[in-house]
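Trainee: Structure below; questions to follow.
There are 2 protein chains.
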Amino acid sequence: MQRYFFNEPYQNQSCFEATAEMYHHMVHVMRMQVGDEVYLAFTNQQVIIAEIVEITAQTLWLKEVAKESQQKELPIEITIASGYPKGDKLEWIVQKGTELGAHQFIGFPASSSVVKWDAKKLAKKAQRLTKIAQEAAEQSHRQVVPTIQLLDQKVSLERQLADYDMVLVAYEESAKQGEKAMLAQVFNQLTTNQRLLVIFGPEGGLTPQEVDQFEEKGAVLCGLGPRILRTETAPLYLLAAASYHFELNG
Amino acid sequence: MQRYFFNEPYQNQSCFEATAEMYHHMVHVMRMQVGDEVYLAFTNQQVIIAEIVEITAQTLWLKEVAKESQQKELPIEITIASGYPKGDKLEWIVQKGTELGAHQFIGFPASSSVVKWDAKKLAKKAQRLTKIAQEAAEQSHRQVVPTIQLLDQKVSLERQLADYDMVLVAYEESAKQGEKAMLAQVFNQLTTNQRLLVIFGPEGGLTPQEVDQFEEKGAVLCGLGPRILRTETAPLYLLAAASYHFELNG
Chain A
107 MQRYFFNEPY
117 QNQSCFEATA
127 EMYHHMVHVM
137 RMQVGDEVYL
147 AFTNQQVIIA
157 EIVEITAQTL
167 WLKEVAKESQ
177 QKELPIEITI
187 ASGYPKGDKL
197 EWIVQKGTEL
207 GAHQFIGFPA
217 SSSVVKWDAK
227 KLAKKAQRLT
237 KIAQEAAEQS
247 HRQVVPTIQL
257 LDQKVSLERQ
267 LADYDMVLVA
277 YEESAKQGEK
287 AMLAQVFNQL
297 TTNQRLLVIF
307 GPEGGLTPQE
317 VDQFEEKGAV
327 LCGLGPRILR
337 TETAPLYLLA
347 AASYHFELNG
Chain B
107 MQRYFFNEPY
117 QNQSCFEATA
127 EMYHHMVHVM
137 RMQVGDEVYL
147 AFTNQQVIIA
157 EIVEITAQTL
167 WLKEVAKESQ
177 QKELPIEITI
187 ASGYPKGDKL
197 EWIVQKGTEL
207 GAHQFIGFPA
217 SSSVVKWDAK
227 KLAKKAQRLT
237 KIAQEAAEQS
247 HRQVVPTIQL
257 LDQKVSLERQ
267 LADYDMVLVA
277 YEESAKQGEK
287 AMLAQVFNQL
297 TTNQRLLVIF
307 GPEGGLTPQE
317 VDQFEEKGAV
327 LCGLGPRILR
337 TETAPLYLLA
347 AASYHFELNG
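Sequence lines, in order, name chains A and B.
With the first letter of the first sequence counted as 1, position 164 gets the number 270 in this note's numbering; the numbers rise by one all the way through.
With the first letter of the second sequence counted as 1, position 94 gets the number 200 in this note's numbering; the numbers rise by one all the way through.
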């Protein structure tokens, strides 16, 4: 069943109104009719099943049939921070990471990031990534659309570290040195609704200086297994491991 | 350090000989010199660090310096069986799945597979996927290159089920019904060197009939968390969860 995200919190009301893009998608793309049902997701994570009761030239009206019961969101909020990688890798970190339950994505210029994006380019990129996250959230039946934050300075990321309950740095050297206890330890320490930030380097990896700076601000280094993961694969490993740990009693 | 795979088991010998493609890559692509060191991986999972001792017009000679100590392979052998998906999705299931430790990949024509490949096309495809697996195995420091098997009939997959210690079917309906205990149960039952086959459907998913057929042959259904994963994302979830469980004390 199709899923749509309202940009407002849920309020119990007799009718819900779909206009603009949502109207267009329901009526012209999906060719929906009165009587058809869809999921409506709201900013406060409430999702309802709603039935189309009237379709006019500009507006489509829906009425609530039931509330979605199953919890679709990870019990902890995971933010993925990626040093800007090459090509379209950030696009698919966002697409796959949204499927896998990420709460937020941050991009930042790491020392070994090759791409250099100015404010204008970053704004455009953020728009595109937000659309990708929205589509992936609909497809994967999320209750929340992850937010996108593209930073133009690394220091802006460092300043944010204190906002999280825990900060992990996925560090290749830790993996090479056989570090394998930290991820499970951190997951075991985190409780419902706490916020975890995980920082990943670009293709070239994070420099020792960068790692030191993050550590000084309280970040903990962890390995993600003995194999060397590409910059776009590591965040998916982290999110899948979190889902296994928190959602599948792993 | 660069990694090369020999198509033979390791034997203690005074010198190792690199010719043909391996020679070309070392000498012309990497511009390696006498004294440079590389990893050499053998079919029996032994990996050594070797130093280049002589380079001639056709052949490059290496001598063993040390053995690689760290275990890079998952303790259980996981085979990923994917119903043929659209486009290049199989390519990147193989690339990412190799990074994440898969032992073997099987492709099969599922009922809802759109693509139809004849024997000739399958042979070509298998060649290409083998190359992708080889490159990903080098990049991710694997000790084994995963094998590729592209089947032209589903029945050939069904016949193989008995060859595995356990068979899982990643079934969207199980996830929707909130099944969340089976994956951890199966991981807990498996012991070192046992073989696990996990079957994934194409975009359209597996049909109830297909699922029944696999179940009759002893397969167990499992969900991979509450979110709906794309056909190319689900195998990566499975492999990352396995790594977290078996390699990171998760």
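Ideal Cβ placement from N, Cα and C applies to all residues, glycine included.
For GLY307(B), is the classification buried or exposed, using 16 other Cβ atoms within 10 angstroms of its Cβ as the cut-off for buried?
Mentor: In the second sequence, counting from the first residue as 1, residue 307(B) sits at position 201. Buried, by the Cβ-count rule.
Trainee: Here's the rule I'm using: 16 or more other beta-carbon atoms within 10 Å means buried, otherwise exposed. How should ALA347(B) be labelled?
Mentor: Numbered from its first residue, the second sequence carries residue 347(B) at position 241. Flag for ALA347(B) reads buried.
Trainee: What's the gap between the Cα of TRP223(B) and the Cα of LEU257(B)?
Mentor: Start at 1 with the first residue of the second sequence, and residue 223(B) comes out as number 117. Start at 1 with the first residue of the second sequence, and residue 257(B) comes out as number 151. Answer to the nearest angstrom: the Cα atoms are 10 Å apart.
Trainee: I need the straight-line Cα distance from GLY193(B) to GLU338(B), nearest angstrom please.
Mentor: What you label residue 193(B) is simply residue 87 of the second sequence in a count that begins at 1. What you label residue 338(B) is simply residue 232 of the second sequence in a count that begins at 1. The straight-line gap from Cα to Cα measures roughly 11 Å.
Trainee: Does any CB atom of chain B fall closer than 8 Å to the CB of TYR350(A)?
Mentor: For the purposes of this step, residue 350(A) is identified with residue 244 of the first sequence, where counting begins at 1. At least one chain B Cβ lies under 8 Å of TYR350(A).
Trainee: Can you tell me whether DSSP reads GLY189(B) as helix, strand or coil?
Mentor: Position 83 of the second sequence holds residue 189(B). It is a strand residue.
Trainee: At which residues does the alpha helix (DSSP H) containing GLY203(A) begin and terminate?
Mentor: Counted from its first residue, the first sequence places residue 203(A) at position 97. Run containing GLY203(A): 195-205, per the alpha helix (DSSP H) assignment.
Trainee: Using a 10 Å radius around the Cβ and a threshold of 16 neighbouring Cβ atoms, would you call GLU205(A) buried or exposed?
Mentor: In the first sequence, residue 205(A) corresponds to position 99, counting from 1. It is buried - the Cβ of GLU205(A) has at least 16 other Cβ atoms within 10 Å.
Trainee: If you measure from the beta carbon of ILE334(A) to each beta carbon in chain B, is any gap under 8 Å?
Mentor: Taking the first residue of the first sequence as 1, we reach residue 334(A) at position 228. Interface residue, yes.
Trainee: For GLU241(A), I'd like the list of residues in its chain whose CB is within less than 7 Å of its CB, leaving aside the five on either flank, ordered along the chain.
Mentor: Your numbering for residue 241(A) matches position 135 in the first sequence. So the list is empty, once near-sequence residues are dropped.
Trainee: On the CB-based measure, 16 or more other CB atoms within 10 Å of its CB, does GLY141(A) come out buried or exposed?
Mentor: By 1-based counting over the first sequence, the position of residue 141(A) is 35. By the neighbour-count rule (16 or more Cβ atoms within 10 Å), GLY141(A) is not buried but exposed.
Trainee: Among PHE112(B), GLN151(B), GLU179(B), ILE184(B), which residue has its Cα nearest to the Cα of ASP269(B)?
Mentor: Translated into positions along the second sequence, residue 269(B) becomes position 163. Comparing Cα positions, the closest option is ILE184(B).
Trainee: Just list the beta strand (DSSP E) runs in the stretch 208-259 of chain B, keeping only unbroken ones of 3 residues or longer that don't cross its boundaries, in chain order.
Mentor: The stretch 208-259 of chain B contains these whole beta strand (DSSP E) runs: 210-214, 253-256.
Trainee: For VAL304(A), which option in THR236(A), ALA340(A), LEU335(A) has the closest C-alpha, if you only look at C-alpha atoms?
Mentor: Within the first sequence, residue 304(A) is the residue found at index 198, counting from 1. The option with the nearest alpha carbon to VAL304(A) is ALA340(A).
Trainee: If you run the structure through DSSP and keep just helix, strand and coil, what is GLU174(B)?
Mentor: Translated into positions along the second sequence, residue 174(B) becomes position 68. Here GLU174(B) sits in coil by DSSP.
Trainee: Throw me the rounded Cβ distance for the ILE154(A) and LYS173(A) pair, which I believe falls under 8 Å.
Mentor: Working through the first sequence from its first residue, we reach residue 154(A) at position 48. Working through the first sequence from its first residue, we reach residue 173(A) at position 67. About 5 Å; that satisfies the 8 Å criterion.
Trainee: Comparing C-alpha positions only, which one of ALA281(A), ALA124(A), MET107(A) sits nearest to GLU114(A)?
Mentor: Residue mapping note: residue 114(A) aligns to position 8 of the first sequence, counting from 1. Of the listed residues, the one whose Cα sits closest to GLU114(A) is ALA124(A).
Trainee: At 3 residues or longer, and completely inside the stretch 259-332 of chain A: list those beta strand (DSSP E) runs for me, N to C.
Mentor: Counting only runs of 3 or more, we get 272-276, 301-306, 326-328.
Trainee: Measuring CB to CB, does PHE122(B) end up less than 8 Å from ALA243(B)?
Mentor: Your numbering for residue 122(B) matches position 16 in the second sequence. Your numbering for residue 243(B) matches position 137 in the second sequence. No, they are not a contact pair.
Trainee: I'd like to know whether the C-beta atoms of HIS351(A) and TYR350(B) end up nearer to each other than 8 Å.
Mentor: As a position in the first sequence, residue 351(A) is number 245, starting the count at 1. As a position in the second sequence, residue 350(B) is number 244, starting the count at 1. In this structure, TYR350(B) lies closer than 8 Å to HIS351(A) by Cβ.
Trainee: Per DSSP, what are the beta-bridge partners of ILE154(A) in this structure?
Mentor: Counted from its first residue, the first sequence places residue 154(A) at position 48. LEU146(A), LYS173(A).
Trainee: Let me check understanding here. Comparing Cα to Cα, which of GLN139(A), LYS230(A), HIS131(A), SER188(A) lies closest to LEU312(A)?
Mentor: In the first sequence, residue 312(A) corresponds to position 206, counting from 1. It is SER188(A).
Trainee: Given a threshold of 16 other Cβ atoms within 10 Å of its Cβ, counted over all protein chains shown, does GLN119(B) qualify as buried or as exposed?
Mentor: Position 13 of the second sequence holds residue 119(B). Per the 10 Å Cβ criterion, exposed.
Trainee: For the alpha helix (DSSP H) containing TYR350(B), name the first residue and the last one.
Mentor: Position 244 of the second sequence, counted from the first residue, corresponds to residue 350(B). Unbroken alpha helix (DSSP H) run through TYR350(B): 340-353.
Trainee: Using only the alpha-carbon positions, how far apart do ASN299(A) and ILE182(A) sit?
Mentor: Position 193 of the first sequence, counted from the first residue, corresponds to residue 299(A). Position 76 of the first sequence, counted from the first residue, corresponds to residue 182(A). ASN299(A) and ILE182(A): Cα-Cα distance of roughly 5 Å.
Trainee: For GLU127(A), does the three-state DSSP call read helix, strand or coil?
Mentor: As a position in the first sequence, residue 127(A) is number 21, starting the count at 1. If DSSP states are grouped into helix, strand and coil, GLU127(A) belongs with the helices.
Trainee: Between the stretch 215-245 of chain A and chain B, which residues of the former have CB atoms less than 8 Å from a CB of the latter, in chain order?
Mentor: Of all residues in the stretch 215-245 of chain A, GLN245 have a Cβ within less than 8 Å of some Cβ in chain B.
Trainee: Can you give me the Cβ contacts of LYS202(B) inside the same chain, cut-off strictly under 7 Å, excluding the 5 residues immediately before and after it?
Mentor: Looking up residue 202(B) in the second sequence gives position 96. Only LEU342 meet the Cβ criterion.
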